Amino acid sequence: MGVRLGRVAWACPAVLLLLLQLAGASHVVYETSLLETEAAAATVPASIFELSTGYHFRPQKNWINDPNAPLYYKGWYHLFFQYNPKGAVWGNIVWAHSVSRDLINWVALETALAPSIDADKYGCWSGSATIMPDGTPVIMYTGVSRPDVNYEVQNVAFPKNSSDPLLREWVKPAHNPVIVPEGGINATQFRDPTTAWYADGHWRILVGALSGASRGVAYVYRSRDFRRWTRVRKPLHSAPTGMWECPDFYPVTVDGKESGVDTSVVSSSRVKHVLKNSLDLRRYDYYTVGTYDRLKERYVPDNPAGDKHHLRYDYGNFYASKTFYDPSKRRRILWGWANESDTAVDDVAKGWAGIQAIPRKVWLDPSGRQLMQWPVEEVEALRGKKPVSLKDRVVKRGEHVEVTGLQTAQADVEVSFEVPSLEGAEALDPALANDAQKLCGVKGADVEGGVGPFGLWVLASSKLEERTAVFFRVFKAAGNVNSTKPLVLMCSDPTKASLNKNLYHPTFAGFVDIDMAKGKISLRSLIDRSVVESFGAGGRTCILSRVYPSLAIGRNAHLHVFNNGKADIKVSRLTAWEMKKPALMNGA
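Structure below.
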């Protein structure tokens, strides 16, 4: 959870939207009464009320942000999250708590943590859960203990009754806080403890911090009893990226298998480690893959430039993520917060703000260079029984083909493309070779290329005034700074997603580490009314966009395959399913 700014009085949607973009939605404290007055007086588009997500995680109402302390316990999945019980803007934050048997159907329980002791009197911010050797979970979280500054300390909480599989009550021991910002640490930039790992008789955790003006730091703390903690002399790792929020540190297997491993597996030759940090100023999560030296308590990324040229879990609306190891299926699962891109006035009017992305399984690509991500298999239970398919359909230059026979406002679409020839791929300006988002802004969905753009128009209106494009574009190898293989760009372009102009709709993009020599690439998009969550090349590149169509709603939403490149492309196979709403979604 981020630092709180001063109160922001509501002036106009444009001003507030600019503040959201500059400061990050989770860091702004709004004057709720003023927002409610504005919401009542403002002309809020009627369509905004019809865009509540169907199968993405959200509470019945109000604001949510960071996912906290996900875990699996006695047959139940638990998700805690930052929540405002009093409104649809950030403030009054507590730890809400929901449980599920299948990661799809969720039941809201009582608040797990709220300010109640001196060590968290002014805030219960983000944290993680650790499963102890006896199977009992422990939560460690950041508390704010002073009213004059955001003085951040780390606290623990234990289940009141560990025999309760729902973990409905939590107790904060009297010895809190267990970690305070000593030794020159910036007390206002010191938060979000990780899941602990155990080796050589000691528990270790990381706490994210800022050193000086711009260096993100992951401090290591060690303890024998989970009560008395000592900071290791040197950080695990640091980089000049700005504040590191919500750090995550975990092992992944190097054998190319999709299985996960427990966080405490640290010494095996079978594992690499992933260090993820959420960048407070840039508002995205990035990670590196590297080697953890347990004796020196140091982490070294495999790619020396990894802290500069960022790999990201997701190149869109995705922040403050947290993973956990699921022992029931031996997998690692990733949660991430997807904030809104409308205005705070819209959020107050509709009564809710923020969702969690579909939980994803994560594992190390066989190349060892990056992670792979894929929606958990349980989401497929929401697919309708009668999918619609296309097969071996050639889409020529400038053509688009509508996929009919189902409602696509809430859908799951998988498509495999073939590009018969890459000879027409365009050259790439070397100045854009390391900036996918800028490249997508210049080479958007409507800009003709040699090979691409080709992909999907989702949430499209009948006359295509509104449409969100998710697509690929291929550039010649000579334009690639590595000059070894064609460069593949994946974009989510929502610039035409809505006729409503008071929205934040940037293009999002990432490069896809895939060899296009065989001319094949796949795309999966989970469409959920105001969310388009896409997975390129089997999960090598992922992009989540929040979009708010005013026409392409419900039965008026359409789906097309398009090709705005000069070269023909072939849809070797497309399968689309309507997606049902879960039976249980926190009462929503």
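Numbers in this note's numbering are just positions in the sequence shown, counted from 1, shifted up by 8.
Every residue, glycine too, gets a C-beta built ideally from N, C-alpha and C.
Just so it is clear, the structure is predicted and the values come from calculations on it, not from any experiment.
Can you tell me where the beta strand (DSSP E) holding residue i begins and where it ends?
i	result
D400	V396 to V403
K358	Counting along the chain, K358 falls outside any beta strand (DSSP E), though it belongs to the alpha helix (DSSP H) covering A352 to K358.
N92	W84 to N92
Q381	L379 to P383
Q197	Careful: Q197 lies outside any beta strand (DSSP E) and carries neither H nor E.
Y321	No beta strand (DSSP E) contains Y321, which DSSP labels as neither H nor E.
N163	E160 to P167
Y307	R306 to P309
H586	One detail in the question is off: residue 586 reads as Glu in this sequence, not His. Where E586 is concerned, the enclosing beta strand (DSSP E) stretches over I577 to E586.
R212	H210 to S219
V496	L495 to D501
Q415	Unbroken run through Q415: none, as it is neither H nor E.
S542	V539 to G544
For residue i and residue j, which I take to be in contact (beta-carbon distance under 8 Å), what is that distance rounded to the nearest angstrom?
i	j	result
G463	A477	6 Å
L552	V569	Going by Cβ atoms, the distance from L552 to V569 rounds to 21 Å, so no, they are not a contact pair.
S469	N564	7 Å
D576	P428	6 Å
S558	G546	Contact doesn't hold; Cβ gap of about 34 Å is too wide.
Y227	P243	5 Å
D229	P145	The sequence as given places Tyr at residue 229; Asp does not occur at that position. That belief does not hold up - the Cβ atoms of Y229 and P145 are roughly 19 Å apart, past 8 Å.
V225	S231	Between S231 and V225 the Cβ distance is about 19 Å, and since that is not below 8 Å, they are no contact.
Y295	V282	5 Å
Q418	R537	6 Å
Would DSSP call residue i helix, strand or coil?
i	result
R339	strand
I101	coil
Q68	coil
D128	helix
S558	coil
V297	strand
R563	helix
M140	coil
M524	helix
V387	helix
F57	helix
G32	Because the pLDDT at G32 is just 39, under 50, the model does not fix this residue reliably, and the value given afterwards should be weighed accordingly. Note: G32 maps to coil in three-state DSSP.
P75	strand
L244	coil
A204	coil
A433	coil
L287	strand
L25	Its pLDDT being 39, under 50, L25 is placed unreliably by the model, and the measurement read from it follows with that caveat. Three-state result, L25: helix.
L121	strand
P438	helix
A485	helix
Buried or exposed: residue i, going by 16 or more other Cβ atoms within 10 Å of its Cβ?
i	result
V402	exposed
R241	exposed
F57	exposed
V179	exposed
Q68	exposed
L221	Sequence inspection shows Ala at residue 221; the Leu mentioned does not correspond to that position. Classification of A221: exposed, given that the 10 Å Cβ count is below 16.
W585	buried
N70	buried
T238	exposed
A591	exposed
P312	exposed
V52	buried
T203	buried
G544	buried
E431	exposed
Look at the alpha carbon of residue i and the alpha carbon of residue j, and state the distance between them as a whole number of angstroms.
i	j	result
A247	R223	5 Å
D256	A137	12 Å
A328	A346	9 Å
S349	L303	45 Å
Q364	E190	34 Å
L30	D288	At L30 the pLDDT is 33, less than 50, meaning the model places this residue with poor confidence and gives no usable figure here.
K404	A54	38 Å
S580	V482	18 Å
W114	Y206	31 Å
V539	V215	32 Å
S170	V164	15 Å
F65	C132	21 Å
K129	V269	36 Å
H183	D208	25 Å
K399	V411	12 Å
L497	N510	28 Å
I624	L111	No answer is possible for residue 624: it lies beyond the span of the chain, which begins at 9 and ends at 596.
Following the continuous alpha helix (DSSP H) through residue i, name the residue where it begins and the one where it ends.
i	result
K446	A444 to V450
Is residue i close to the ligand SAH? I mean its beta-carbon at under 7 Å from any heavy atom of the ligand.
i	result
V384	No copy of the ligand SAH occurs in the structure displayed, which carries no ligand at all.
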